[in-house]
Structure formats: C-alpha cells, structure tokens
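Here's the structure we're looking at; comments come further down.
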Amino acid sequence: MLLTALPPGVAAHVRAVSTESGAVLRLREMGLRPGALVRMMGRGAGGSRIVTIGAARIAIDGVTAALIDVEAA
Amino acid sequence: MSAPGACHGGGARAVVATTSPVGTASLATASRVPSILLVGNPNVGKSTLFNALTRARQRVVNAPGTTVELACGVWCPECDDVTLVDLPGTYSLIARSPDEQVAADAVHDPSHDLAVVVLDATALSRSLYLLGQVARAGRPVVAALTMIDLAEARGLAPNAAALSTALGVPVIEANGRTGKGLQELASAVTEALKNPCHVKGVARHDTAGVARHSTAGVGPHDDADDLPGNLTEAQQLFDWVETITDAAASSADPRATLTDHLDRVLLNPWVGPAAFLAVVWGVFQLTTVVASPLMDAVTRTVQGPVAGWVSAALVAVGAPSWFSSFVVGGVLAGVGTVLSFVPLMAIMFASVSALESTGYLARVAVVADRAMRALGLDGRAMLPLIVGFGCNVPALSATAVLPHARQRLLTGLLVPLTSCTARLAVYLLLAHTFFPHSAGTVVFGMYVASVALVIGGGLLARHTVMRDLKPEPLIIALPDYQLPHLRTLAIGVWTRIASFTRKAGSVIVVAVMVLWALQAIPVRGGHDVADVPVADSVYGAVAQSVAPGLAPMGLDDWRIAASLVAGIAAKEVVIGALAQSYALEDAKGDAKSASLGKQLRATVERTSDGAAGAAALALMVFVLAYLPCLATLAEQRRLYGLRWTVAAGSAQFAGAYGLAVLVFQVGRLL
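First to last, the sequence lines map onto chains V and L. Under my numbering, think of the first position of the first sequence as 21, with each following residue one higher. Under my numbering, think of the first position of the second sequence as 50, with each following residue one higher.
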C-alpha cells in the first residue's frame with residue numbers, strides 16, 4: 021500500500037519509492053530506506069504526512085508520500 | 050577566495066588566505082591556529098554548543114562567494130586557542146542547497162584540522178550517515194552526542210561508550226544548554242589535534258577524489274546528477290550505519306512525548322494554519338506594543354537633550370552655523386534614525402530566533418507547504434518570507450535554504466513585498482495620526498495586504514516569467530519542541546543587530562547626510578548655504594517636480610514626495626525626511642508648535658480635499674510596495690543580476706502606484 025493510506029498509529033516497512041528523482045536519495049538519507057520501519061503519526065496541514073523512524077519525526081509532503089510503497093509490519 | 054568555513058577576522062588574529070590543493074582557498078593564520086569544523090544535521094543543538102564553547106568570541110561572516118552565513122569563533126579547549134566554525138546544518142554532503150554546498154566544501158577542504166560531528170541522539174541513524182560522509186572525506190573526527198535527555202524521554206537513548214567503541218573515535222555526551230560534557234569535549238579535541246582519530250569501517254577517499262561533490266563553482270546537485278553513483282555510495286554508508294546502530298542504539302518502540310501531542314494540534318490541517326496566523330499576529334503585537342514606545346524614547350532623547358548638548362558644545366568651540374546644522378541636522382539625525390530602529394530589529398530577530406529554536410519554524414514549513422506550492426515553491430520558502438517581515442536583507446540571504454536557483458530567484462523577488470520593520474515605523478505614524486482609535490487594526494491590515502501582495506506577485510510570476518518552476522519535494526525533520534536557550538538567543542540577536550548597524554546603519558546615516566546637503570544647497574532666492582528655506586533648496590525643487598505625480602493618490606505635496614524619494618535609500622528615512630522638512634519650516638516660523646503628526650494631517654487634509662483617511666491608506670500601500678531600500682536592491686543585484694533587479698523593481702513600482710491610486714480613488718467615495 022502507499023504511505024498515504026497507512027492509518028495513524030500503524031507501523032509499516034518501506035518497500036520502495038517509485039521515482040527516479042533526487043528525492044529518492046534524500047528520502048533514504050532521512051531514513052526512509054527499503055526495509056526501514058516507519059510509524060504513521062498522522063496527516064498534517066496541506067496533505068503532508070508525519071511519520072516516525074525510531075525516535076525521529078519526519079514530515080513529507082503529500083505528493084512525495086504517495087510515491088512511497090509500504091507493507092504493514 | 051578563502052576556504053568555505055574560513056573565518057575572516059574571527060578572534061584577534063590576522064587571517065591569511067592561501068590556495069589549497071582542491072582549488073578552494075584554505076585558512077591559515079600567522080601562528081597556524083588549528084581550525085575545527087562543527088558539523089551536524091539541522092536542529093541538533095549545534096549552534097547552542099557553538100555558543101557555549103565560544104561565548105562572545107564570535108562573529109557572523111558570509112561564506113566566500115555566497116550569501117550563506119557562518120558563525121566563526123575562538124575556542125580555548127585547554128588554553129590553546131582554536132578557530133571553531135559553525136557550519137550550516139545539513140543532512141548530507143551530497144548537497145541540494147547552497148547551505149549544504151558550503152558545509153560540503155568545508156568538510157572536503159583539507160586545511161581544516163578536525164571535525165566535531167554533532168550526533169542527535171533522537172535521530173542517530175541520520176546523524177551517523179553524515180558522520181560517515183565526513184569520515185569518508187578524510188577528516189579526523191570527534192563526536193558530540195546531544196539531545197540525550199530527549200532520547201531518554203522517548204526511551205531510546207544510545208550508549209555513548211558502545212558508540213565510541215564501534216566508531217573508533219571519542220563520543221562525548223555534551224549539552225550546550227547546561228554545560229554538561231563541555232570539559233570532556235575540550236579534552237577529547239585537544240587530544241585529537243595531537244593524535245587524529247579516524248572513524249573505523251569507512252573507506253577514506255582522497256580529497257581530490259571526493260571533491261567532485263564539492264568543487265568550488267559547482268552548485269548543489271540537480272536531480273539527474275550522478276544519482277545512480279550517489280545511491281550506490283550512500284547505500285554503502287547506510288549498511289555501515291546499520292552495523293553501528295545495531296551495536297549502540299536501542300531498537301525499542303519510542304514512547305510518545307509532549308511533542309507528539311503538540312504536533313497533533315499544531316500540524317492539524319485546520320488548527321495548524323490558524324495557530325500559525327496567531328503566532329504571527331502575536332509577534333507583530335509585540336513589535337507594536339513594546340517597540341513603539343522604545344523607538345519614541347530613543348528619538349526623543351537624540352532629538353532633545355543630545356541634540357541640545359551637541360549644539361551647545363559646537364557653539365562653545367566657535368563652530369560655524371552651517372557646520373552645527375550639518376552635525377545636528379545631518380549626522381545626529383541619521384544616527385538617531387538608526388538607533389531608533391534597533392529595538393524593532395531586536396524584537397523581530399529575537400522572535401524569529403525563538404520560533405526557530407523552539408522547533409516551531411520547521412512546523413511552519415509543513416503548515417505552509419500547500420500554500421507555497423501554489424506559487425511553485427515549497428514550505429521552506431516561508432522561512433525567508435517570514436524573515437523578510439523583520440528585514441528584507443537577511444531574508445534574501447535566507448533564500449539559500451531553497452535547493453534550486455529558480456526557487457531562490459522567485460522567493461528573492463517576492464521578499465521586498467514582505468513588509469519589513471522599517472515600513473512598520475511609517476505605518477505606526479500614519480495609523481496613529483489618521484486612525485487613532487483603530488491604529489492596531491490598520492497596521493495589522495497592512496501586514497495582511499503585504500501577504501496578499503506576496504501571493505499575487507507570486508501567482509503573476511508563476512504564470513508569466515516563472516512558468517517552468519516546479520516545486521521540490523518537502524522532506525523535513527521535525528525536532529522536539531524545546532524552550533529557547535536565552536543565552537544563545539541573546540548572542541544571536543546581538544550579533545545580528547551589530548551586523549545591521551554596521552551594514553544598513555552606515556547607508557542610513559549617509560542617506561540622511563545627503564538629504565541634509567540637498568536641503569542646505571539653495572537653487573533660488575539668493576540664500577546662503579545651510580540657511581535656505583526647504584522649498585528653495587535642491588531637495589525642495591526635486592520634490593516639487595515629483596509631487597504632481599502623487600495627485601491621483603491625494604498626496605500632491607512636495608514634503609511627502611521628498612520623503613518617498615528619500616525612502617528609496619532606506620524606509621526608516623521616510624519619517625526622518627518628513628520631520629526634517631517640517632522642522633526646517635519650523636525654524637522659519639511656520640506651524641511652530643505642531644507635532645509631525647498634526648502637521649502631516651493638516652497637509653493631507655488639504656491635498657486630498659478632505660478624504661485624508663483614504664489618502665493616508667494610499668500612502669501606506671505605496672510605502673509598502675513602491676521600491677525596496679538601497680541595501681535590498683544591492684543584495685538583489687548581487688544575487689540575481691541587474692536585469693532581474695531592474696525588472697522586478699519597475700514592476701513593483703508600477704503595481705504600487707496603481708494600487709495606491711485605486712485605494713484613494715475608491716476610498717474617497719466611501
């Protein structure tokens with residue numbers, strides 16, 4: 021499923037990011053790497069998504085979040 | 050050119066720039082003071098640590114050839130001074146913005162002796178990735194582990210000793226707020242300068258090989274640049290990071306903290322934007338309620354007792370009257386204008402710094418992202434635009450947070466439409482004079498108008514000259530909320546105010562002195578120099594020729610025209626120029642005891658045929674938008690070139706004129 025469809029409070033593993041742009045590298049540098057466990061904190065203003073990876077909180081705009089494929093943990 | 054991260058004049062030593070093997074210049078000092086870089090992700094407590102280590106022995110400089118600011122200081126780890134450079138926060142040395150490029154260039158410059166890499170205990174994996182890149186660049190490393198208390202609150206504090214063992218370099222738990230661990234950090238750095246430590250398990254590149262990421266003159270990476278190669282190199286570091294976190298970090302589920310609860314409110318799609326507007330409104334209430342009386346007090350002191358003492362002293366030493374007039378009416382008036390502006394700047398800088406250090410500005414980027422996307426920008430563009438409400442000049446520098454040149458250009462062209470605090474002083478005078486019972490609302494309305502102009506200007510540009518602009522993805526770390534650290538805040542405000550008085554202050558003083566000279570030189574009537582009615586001076590003649598152009602906005606008066614011409618030099622000169630015109634008339638006996646506000650009201654009542662309120666609003670709108678100050682224009686020209694600066698300025702002037710005429714013509718009918 022897409023990250024945007026992950027309900028608040030639910031954890032999932034990142035499977036892939038479906039873009040070839042430089043955003044892939046920055047997402048990985050921020051911790052959103054294939055296999056990483058992310059937990060959805062909720063939807064932010066403007067359609068963004070707030071996730072945690074370990075103790076780190078990351079905000080991702082809605083368009084980019086819709087490019088991230090995850091699998092429920 | 051000297052090295053990225055090189056400190057020019059940091060401390061008391063002479064600094065000499067030399068050329069390094071990688072093409073960037075290197076820092077050297079007469080006595081070869083060791084140079085240490087402070088490297089870390091944004092919002093990891095790096096600047097707090099820097100302030101705790103260097104205290105007041107620091108200054109802000111621009112990285113050579115850029116508008117990126119660096120703080121450089123002198124640190125005395127164990128009684129031998131070293132130069133400490135606080136690099137811009139970055140997530141990666143594969144740069145995607147000018148700030149990140151400066152950090153990457155500095156790390157790859159071999160003239161720096163050591164990197165102190167700040168590791169965020171709440172985001173260890175991300176911090177270790179950056180540390181791995183620093184190690185790969187060949188820099189000896191000491192690690193400072195911060196945010197331990199916040200990681201403990203989440204039940205995820207890493208083990209510093211295990212981390213040190215796994216990395217093979219010293220890892221010191223340090224807290225710039227409390228001072229904890231600073232002595233241990235000093236000892237570790239002193240030892241590392243004697244016996245450099247390199248991180249285990251990361252293959253070091255030679256500097257020339259790595260410099261392909263960072264060669265001077267090459268900008269931040271575009272999307273297509275070397276992506277497969279970068280991903281491969283990054284993956285090697287990700288694998289290494291995993292081995293380190295397996296050895297030293299907790300894998301438990303994090304506990305929810307106050308930050309999580311606050312974020313549910315402050316990032317909420319409905320409450321978030323309202324909370325943001327409330328915060329902005331609060332900041333501007335602070336500037337109007339607190340700064341206004343302080344400005345008045347400074348102005349009264351300079352124009353009253355100080356001017357009196359200086360005049361008396363000049364008379365006592367037998368100075369000619371024209372010289373006394375120049376000193377009091379030119380130099381002292383200029384200095385008084387600058388000083389009166391300081392409280393406003395201090396409050397605005399303190400407010401923005403406090404918002405940043407609490408972690409709220411990162412949330413602003415999220416809350417504002419959708420709105421900014423309509424302009425082809427992302428939420429990060431909100432930061433320079435907010436800074437613009439303090440002062441347009443640092444706001445132009447803040448556009449460096451944006452990764453692409455076109456985004457920086459558009460944001461930089463919109464910045465002059467944000468209403469800086471200099472314009473606030475004009476609104477305050479006009480609002481209190483013409484709308485005494487609703488001055489606060491009128492001033493707030495001017496800020497709403499400023500936001501509307503930014504949006505309108507952005508949309509216009511997006512559909513004309515910026516059609517190719519694509520928004521960048523917003524991927525941003527949200528730090529834990531913290532109370533601002535007062536000492537860090539105070540040092541930051543002091544440094545910025547000092548920079549303002551040096552850079553803008555000199556322009557303002559010179560502008561006021563030039564105004565005095567224009568008013569002192571007669572063009573008709575056979576008057577002596579410095580003893581001429583303003584109407585017969587060069588200044589009056591120019592203003593009289595311009596004034597009819599203001600008739601459609603109900604402001605056909607040479608004094609108002611003159612103040613607007615003077616305001617191109619600096620907006621804070623507008624009031625000074627008005628006061629100067631009326632004061633000079635006072636000297637000739639006209640309108641002797643009326644205050645500036647009363648005289649201005651009488652003038653506008655006459656020029657607007659009784660629609661003074663509409664004309665005053667038109668004047669405020671015109672002052673908001675007609676042209677940025679000289680310092681802003683100069684910075685725009687430096688960043689974007691003459692063509693863009695002239696084109697944007699012309700469009701802004703035409704738009705301001707049209708709007709002001711519209712406001713008056715509609716307002717007079719109501």
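All C-beta atoms in this analysis are idealised placements derived from N, C-alpha and C, irrespective of residue type, glycine included. This structure is a prediction, so every number in the text was calculated from the model and none was measured.
Residue i at chain V interface by Cβ criterion, 8 Å
i: ILE21/L; result: Because chain L here runs from 50 to 719, residue 21/L falls outside it and cannot be looked at.
i: TYR530/L; result: no
i: ARG185/L; result: no
i: SER174/L; result: yes
i: ASP418/L; result: yes
i: VAL259/L; result: With a pLDDT of 44 at VAL259/L, under the threshold of 50, the predicted position of this residue should be treated as unreliable, and no value is reported.
i: VAL415/L; result: yes
i: ASP288/L; result: no
i: TYR409/L; result: no
i: ASN279/L; result: yes
i: THR171/L; result: yes
i: LEU523/L; result: yes
i: ARG313/L; result: yes
i: ALA200/L; result: yes
i: ALA760/L; result: What is shown of chain L runs 50 to 719, which leaves residue 760/L out entirely.
Cα-Cα separation between residue i and residue j, rounded to whole angstroms
i: VAL167/L; j: GLY716/L; result: 57 Å
i: PRO522/L; j: SER555/L; result: 41 Å
i: ALA704/L; j: TYR675/L; result: The sequence given here has Gly at residue 704/L, not Ala. GLY704/L and TYR675/L: Cα-Cα distance of roughly 8 Å.
i: THR97/L; j: ARG106/L; result: 14 Å
i: ASN92/L; j: MET60/V; result: 22 Å
i: ASN224/L; j: THR694/L; result: 44 Å
i: ALA403/L; j: PRO485/L; result: 32 Å
i: ALA447/L; j: VAL623/L; result: 26 Å
i: ILE570/L; j: LEU649/L; result: 24 Å
i: THR482/L; j: ALA651/L; result: 10 Å
i: CYS128/L; j: ALA683/L; result: 42 Å
i: THR681/L; j: VAL442/L; result: 5 Å
Any chain L beta carbon closer than 8 Å to residue i
i: MET21/V; result: no
i: ASP81/V; result: yes
i: ARG35/V; result: no
i: GLY29/V; result: no
i: ARG77/V; result: yes
i: LEU47/V; result: yes
i: SER68/V; result: yes
i: THR72/V; result: yes
i: MET60/V; result: no
i: VAL90/V; result: no
Residues near residue i in its chain [Cβ-Cβ closer than 8 Å; skip 5 each side]
i: ALA660/L; result: GLY603, PHE713, GLY716, ARG717
i: GLN593/L; result: ALA584, TRP607, ALA610
i: ARG175/L; result: ASN90, TYR140, ASP169, ALA526
i: PHE287/L; result: TYR178
Chain-order list of residues whose beta-carbon lies under 7 Å from that of residue i (same chain, five-residue window excluded)
i: THR470/L; result: THR336, LEU393, MET394, MET397, GLY439, CYS440
i: MET21/V; result: VAL90
i: LEU410/L; result: LEU404, LEU432
i: LEU599/L; result: ASP605, ILE609, ALA610
Residue i: first and last residue of the uninterrupted alpha helix (DSSP H) it sits in
i: LEU286/L; result: 276-297
i: VAL401/L; result: 382-407
i: VAL58/V; result: Segment 57-63 is the beta strand (DSSP E) holding VAL58/V; no alpha helix (DSSP H) there.
i: GLU521/L; result: Element bounds for GLU521/L: n/a, residue is neither H nor E.
i: VAL347/L; result: 341-350
i: ARG313/L; result: 307-315
Cβ shell of residue i (< 6 Å), same chain only, five flanking positions each side left out
i: HIS161/L; result: SER84, LEU86
i: LEU462/L; result: ALA697
i: LYS545/L; result: The displayed chain sequence assigns Arg, not Lys, to residue 545/L. Excluding residues within five positions, the ones whose Cβ falls inside 6 Å are PHE398.
i: LEU721/L; result: Summary: the structure shown does not reach residue 721/L, with chain L confined to residues 50 through 719, and so no result is reported for it.
i: GLY180/L; result: The amino acid occupying residue 180/L in the given sequence is Leu; Gly does not appear at that position. Contacts found: VAL166.
i: LEU388/L; result: VAL347
i: ALA92/V; result: ALA32
Opening and closing residue of the beta strand (DSSP E) in which residue i lies
i: ALA25/V; result: Run containing ALA25/V: none; DSSP gives neither H nor E here.
i: ILE435/L; result: Element bounds for ILE435/L: not the beta strand (DSSP E) but the alpha helix (DSSP H), 431-437.
i: ARG69/V; result: 69-73
Which listed residue (the options) has its alpha carbon closest to that of residue i
i: LEU316/L; options: ILE78/V, VAL34/V, SER38/V, ARG53/V; result: ILE78/V
i: GLY250/L; options: ILE293/L, MET344/L, GLU240/L; result: ILE293/L
i: ALA210/L; options: GLU222/L, ALA474/L, ALA200/L; result: GLU222/L
i: ILE197/L; options: GLN182/L, GLY217/L, THR171/L, ARG185/L; result: THR171/L
i: ASP302/L; options: CYS121/L, TYR689/L, THR537/L, ALA206/L; result: ALA206/L
i: ARG422/L; options: GLY74/V, ALA65/V, ALA76/V; result: ALA65/V
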